[in-house]
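Student: Please see the structure below; I have some questions.
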Amino acid sequence: MKKQRYNAVKGVQDILPPDIYIWQKIEAAAKEIFRVYGFQELRLPIMEPTAIFVRSIGETSDIVEKEMYTFTDKGGRSITLRPEGTASAVRCYVQNHLYNLPSPQKFFYSGPMFRYERPQKGRLRQFYQIGVEAFGVSEPKLDAEIIAMLRVFLERIGLSGLNFEINSIGCEKCRPGYRDALLDFFSSRLDSLCPDCKRRYEQNPLRILDCKVDACIEQRKDAPVVSDFLCDECVSHFSELRSILEMLDVPYVVNPTMVRGLDYYTRTTFEVTSERLGAQNAVAAGGRYDRLVEEFGGPPTPAVGFAVGMERLVALVKDTADSVPSPEVFIATVGKDAAQKALLIAEGFRAKGVWVEVGYEGASLRSQMRRADRFNANYVLILGEDELKRGRIGWKNLKDGSAGEVGIQEVYDFLQKNLNKI
RNA sequence: GUGGGUGUAGCUCAAUGGUUAGAGCACUGGACUGUGGCUCCAGGUGUUGUGGGUUCGAGUCCCAUCACCCACCCCA
């Protein structure tokens, strides 16, 4: 009777060695850099009441309309697996009265997000983000600081050649005017637009600006530009942001057509992309959301944040091929007594923090040596019957081929001294 | 949700509609009885993703289904 074999759910994946070491490296770098910028960790639930996503991301957004993992729990509540982190962070911020902490309040979080989408390169149904949110300061200095932090982080993990794009999409005062201008402009050209853009005209006219269809690109040549519609406050906010970024030497470009898909953004939006990723080329994106905390029942609180996509980051870091960790010592044995004694010696190394693998009786010494080599161990210790009798143990450095013998009692000091040199 | 591509050994892939589906890599052992890498030899696993259909005969052709990949939409 053949046993049923199971596969992971569509669009989700296992993360295992050697990739897991890249993940750990990225996570460690993030924590270290966020720490010096004053960001503290939040552990947020992966499910929330459905309403918080509908409210924040927007009822007509694609995420809410067709991509959420939503279910009814046994108490009849509508629950959703989070499709992004900002809504949860804001809910947490308001619920726990974090606005009473000295401002700005700066937080980061990481973990899986869920969207029911068709998987493709760089897009999964369960994907991981590291997100950052800073509350309580409307000054563009804060925007600049977190963009600078993002840049430092990306460089720390060895990435370069990324594109930083920024834009300002205005606030609740000036954006409606721009939206109306767009509607007015495209109303006479509707017939020349692609079907998707006709839909965008109804739902989110700003999106027409980054359509890839040639006809639409042609039609929008003379479309109104967002910068012409920004109110005085938004203009000065954006220009100060730009001058600080220049001072901090962040190599950005302004992309006036960059529009984010989430409704809650105000003023600053930004995106970091790579040409090496395929169609889904954003590795990080974020922006300001000055209205959301108030929307969620908190005091009026400006905020700005971003999220980075872990899988996309990992794909980029992979090119810089890091070596996978390997055991420092391999103990090969000949004979039953030696094989047992090897376990005791191994414990001694492990107590000192040294990764040791042990060969077991049954395999020839030759094959144990071969295995040690494949493990990429630095040293092999050889323990046979005669060594055991003499209270000594053979050693061989697999990197340079040198070999010798040392007393069993001295082996720890001997190797510890030599391992430090590797 | 839409479109295209691909499913054969653990991995990468062969096999004109025709016997018992092969190779490389990897793995294990040996040549070299207790010293890795190089070389050589030996060892074995497949319900050809799944279910139907056409045919004397299907890994190969057809249909369905599932999974993966890529793109659209959208996004990290």
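Per this note's numbering, residue 3 is the first one in the first sequence, and the count goes up by one each step. Glycine included, every Cβ here is placed at the ideal spot set by N, Cα and C. Bear in mind the structure is a predicted one, so any value in this text is a computation, not a measurement.
1. Tell me which same chain residues have a C-beta within less than 7 angstroms of the C-beta of I48, skipping the five on either side of it?
2. Which residues in the same chain have their Cβ closer than 6 angstroms to the Cβ of K343, if we skip the five residues on either side of it in sequence?
3. If we count the other Cβ atoms within 10 Å of its Cβ and call it buried at 16 or more, is I219 buried or exposed?
4. Helix, strand or coil for K108 per DSSP?
5. Can you tell me which residues form a DSSP beta bridge with Q425?
6. Just to check my reading of the structure: A374 and A334 have Cβ atoms closer than 8 angstroms, yes? What is that Cβ distance to the nearest angstrom?
7. Need the endpoints of the alpha helix (DSSP H) that W397 sits in, please.
8. Residues in the same chain with beta-carbon distance under 8 angstroms from L44, minus the five sequence neighbours each way, listed in chain order, please.
9. Please determine if the stretch 300 to 316 and the stretch 358 to 371 are in contact, where contact requires at least 3 C-beta pairs separated by less than 8 angstroms.
10. Quick one: using the 10 Å Cβ neighbour count with 16 as the cut-off for buried, is S247 buried or exposed?
11. What does a CB cutoff of less than 7 angstroms around G258 pick up in its chain, not counting 5 residues either side in sequence?
12. Quick check: E297 and F332, are their CB atoms within less than 7 angstroms of each other?
13. Closest to Y381 by C-alpha separation, out of V413, E119 and F240, would be which residue?
14. List the whole-angstrom C-beta distance separating V356 from E330, where the pair is believed to meet the contact cut-off of C-beta under 8 angstroms.
15. Can you name the start and end residues of the alpha helix (DSSP H) that N420 belongs to?
16. Give the list of continuous beta strand (DSSP E) stretches no shorter than 3 residues that lie fully inside the stretch 169 to 213.
17. Going by C-alpha to C-alpha distance, which of E50, D64 and Y23 sits closest to T74?
18. Please report the straight-line C-alpha distance between A146 and A286, rounded to a whole angstrom.
19. Would you list, in sequence order, the uninterrupted alpha helix (DSSP H) runs of no fewer than 4 residues that lie entirely inside the stretch 338 to 382?
20. In the DSSP output, what is N165 paired with across the bridge?
21. Please work out which residues of its chain come closer than 7 angstroms, Cβ to Cβ, to Y71, disregarding the five sequence neighbours upstream and downstream, and give them in chain order.
22. DSSP on T62, reduced to helix/strand/coil?
23. Just to confirm the assignment: which complete alpha helix (DSSP H) runs, minimum length 4, are found wholly within the stretch 236 to 311?
24. Classify S58: buried if its beta carbon has 16 or more other beta carbons within 10 angstroms, exposed otherwise.
25. Please report the distance separating the alpha-carbon of N63 from that of T88.
26. Looking at C-beta atoms only, is the number of pairs between the stretch 232 to 251 and the stretch 135 to 153 that lie closer than 8 angstroms three or more?
27. Between which two residues does the alpha helix (DSSP H) containing L144 stretch?
28. For F36, report the span of its beta strand (DSSP E) as first-last.
29. Identify the residues that DSSP records as bridge partners of A136: which are they?
30. Report the option in D402, S105, K419 and V215 whose CA atom is closest to the CA atom of K354.
31. Measure the beta-carbon distance from L211 to V261 and round it to whole angstroms, keeping in mind my assumption that it falls under 8 angstroms.
32. Using a threshold of 7 angstroms, state whether the C-beta atoms of F416 and V134 are closer than that.
33. If we count the other Cβ atoms within 10 Å of its Cβ and call it buried at 16 or more, is D292 buried or exposed?
34. Closer than 6 angstroms by C-beta to R202: which residues in its own chain qualify, once you throw out the five before and the five after it? Chain order, please.
35. Is Y71 helix, strand or coil by DSSP?
36. In angstroms with no decimal places, state the Cα-to-Cα distance between D182 and L192.
Tutor: Concretely, from the data shown:
1. If you number the first sequence from 1, residue 48 lands on position 46. Around I48, the same chain offers L83, R84, G113 and P114 as residues with beta carbons nearer than 7 angstroms, after the five sequence neighbours per side are excluded.
2. Within the first sequence, numbered from 1, the residue matching residue 343 stands at position 341. Correct list: empty, nothing qualifies.
3. As a first step, residue 219 must be located in the first sequence, where it is residue number 217. I219 should be labelled exposed.
4. Here residue 108 corresponds to residue number 106 of the first sequence, with the count starting at 1. The answer is strand: DSSP assigns K108 an E or B state.
5. Residue 425 is absent from the model: the chain starts at 3 and stops at 424.
6. Here residue 374 is taken as the residue at index 372 of the first sequence, counted from 1. Here residue 334 is taken as the residue at index 332 of the first sequence, counted from 1. Contact holds; Cβ gap of about 7 angstroms.
7. Taking the first sequence and counting its residues from 1, one reaches residue 397 at position 395. Looking at the DSSP string, W397 is not in any alpha helix (DSSP H); the run it does join, the beta strand (DSSP E), is R394 to N399.
8. The count along the first sequence starts at 1 and reaches residue 44 at position 42. Excluding residues within five positions, the ones whose Cβ falls inside 8 angstroms are A91, C94, F109, F110 and Y111.
9. Not touching, per the Cβ criterion.
10. Taking the first residue of the first sequence as position 1, residue 247 is located at position 245. For the sequence presented, residue 247 should be read as Leu rather than Ser. L247 should be labelled buried.
11. Here residue 258 corresponds to residue number 256 of the first sequence, with the count starting at 1. Reading off the sequence shown, one finds Pro at residue 258, where the question assumed Gly. Excluding residues within five positions, the ones whose Cβ falls inside 7 angstroms are N169, V227, V228 and S229.
12. On the first sequence, residue 297 is found 295 positions in, with the first residue counted as 1. On the first sequence, residue 332 is found 330 positions in, with the first residue counted as 1. In this structure, F332 does not lie closer than 7 angstroms to E297 by Cβ.
13. What you label residue 381 is simply residue 379 of the first sequence in a count that begins at 1. The residue with the shortest Cα to Cα distance from Y381 is V413.
14. Counting from one through the first sequence, the residue named residue 356 turns up at place 354. Counting from one through the first sequence, the residue named residue 330 turns up at place 328. Right, the Cβ-Cβ distance comes to about 5 angstroms (below 8 angstroms), so this counts as a contact.
15. Counting from 1 along the first sequence, the entry for residue 420 is found at position 418. Looking at the DSSP string, the run of the alpha helix (DSSP H) that includes N420 is V413 to L421.
16. none
17. Translated into the one-based positions of the first sequence, residue 74 becomes position 72. Measuring from the Cα of T74, the nearest candidate turns out to be E50.
18. Translated into positions along the first sequence, residue 146 becomes position 144. Translated into positions along the first sequence, residue 286 becomes position 284. Computed Cα separation, rounded: 15 angstroms.
19. 338 to 353 and 367 to 377
20. Mapped onto the first sequence, residue 165 falls at position 163. Answer is T275.
21. Start at 1 with the first residue of the first sequence, and residue 71 comes out as number 69. Once the five neighbours on either side are set aside, the close Cβ partners of Y71 are T82, L83, F116 and Y118.
22. Residue 62 sits at position 60 when you count from the first residue of the first sequence. The three-state secondary structure of T62, taken from DSSP, is coil.
23. Those alpha helix (DSSP H) runs which fall completely within the stretch 236 to 311 and span 4+ residues are 294 to 297.
24. Along the first sequence, one-based indexing puts residue 58 at 56. Classification for S58: buried.
25. The residue given as residue 63 occupies position 61 in the first sequence. The residue given as residue 88 occupies position 86 in the first sequence. What sits at residue 63 in the sequence shown is Ser, not Asn. Distance between the alpha carbons of S63 and T88: 15 angstroms.
26. Counting Cβ pairs under 8 angstroms, three or more are found: they touch.
27. The sequence position of residue 144 within the first sequence is 142, counting from 1. Under the DSSP assignment, L144 falls in the alpha helix (DSSP H) whose first and last residues are P142 to R158.
28. Taking the first residue of the first sequence as 1, we reach residue 36 at position 34. Premise fails: F36 lies in the alpha helix (DSSP H), D21 to V38, not in any beta strand (DSSP E).
29. Within the first sequence, numbered from 1, the residue matching residue 136 stands at position 134. A136 pairs with K108 and V306.
30. Locating residue 354 in the first sequence gives position 352, where the first residue counts as 1. Cα-wise, what sits closest to K354 is K419.
31. Along the first sequence, read from residue 1 onward, the residue named residue 211 stands at position 209. Along the first sequence, read from residue 1 onward, the residue named residue 261 stands at position 259. Contact between L211 and V261 is confirmed by a C-beta separation of about 6 angstroms, below the 8 angstroms threshold.
32. Indexing the first sequence from 1 puts residue 416 at position 414. Indexing the first sequence from 1 puts residue 134 at position 132. In this structure, V134 does not lie closer than 7 angstroms to F416 by Cβ.
33. Mapped onto the first sequence, residue 292 falls at position 290. By the 10 Å Cβ count, D292 comes out buried.
34. Position 200 of the first sequence, counted from the start, is the residue given in the question as residue 202. Excluding sequence neighbours, R202 sits near R209 and I210.
35. Your numbering for residue 71 matches position 69 in the first sequence. Y71: strand per DSSP, three-state reduction.
36. The residue you call residue 182 lines up with position 180 of the first sequence. The residue you call residue 192 lines up with position 190 of the first sequence. In a straight line, the C-alpha of D182 is about 15 angstroms away from that of L192.
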